[in-house]
Amino acid sequence: MNEKAVQQVLHDLGPRLKRFRMQRDWTLKEVGRRTGSCYSVWSRIESGIRTPSLEQILYLSAAHKLRLDYLIGPDPLWSKGPSW
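First residue of the sequence shown: 1, per UniProt numbering; consecutive thereafter.
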């Protein structure tokens, strides 16, 4: 994976996390409760102001009951994934 691909994954992560949250009808406060973090942290992550740590991604993966590779990997809805 090159630097450009890493930056693309990080750029796409916030909107993807928001989409997963909204599909579950969860508020940011609910995500915070399920992950043990303040909801404002998740708000900043979803808006792209902050990049989540690996620990936060792991907690979020568990809260959503999603495999880590599904959470941060290529979007399954892309017609053509990134060239890793």
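Heads up, the beta-carbon is just placed ideally off N, CA and C, and yes, glycines get one too.
Using CA atoms only, rank isn't needed, just tell me which of the options is closest to residue i.
i: V41; options: M22, L17, D25 and D12; result: L17
Using only the alpha-carbon positions, how far apart do residue i and residue j sit?
i: R24; j: E3; result: 32 Å
i: K65; j: Q56; result: 14 Å
i: K29; j: G36; result: 10 Å
i: R61; j: Y39; result: First, the amino acid is wrong: residue 61 is Ser here, not Arg. So the two alpha carbons sit approximately 16 Å from each other.
Going along the chain, which residues of its own chain have a beta-carbon closer than 6 Å to the beta-carbon of residue i, five neighbours each way excluded?
i: E46; result: G14, L17 and K18
i: G48; result: G14
Mind checking which residues open and close the alpha helix (DSSP H) that includes residue i?
i: L13; result: E3 to Q23
i: T35; result: L28 to T35
By Cβ distance below 7 Å, which residues in the same chain neighbour residue i in space, the five residues on each side in sequence not counted?
i: R34; result: A63
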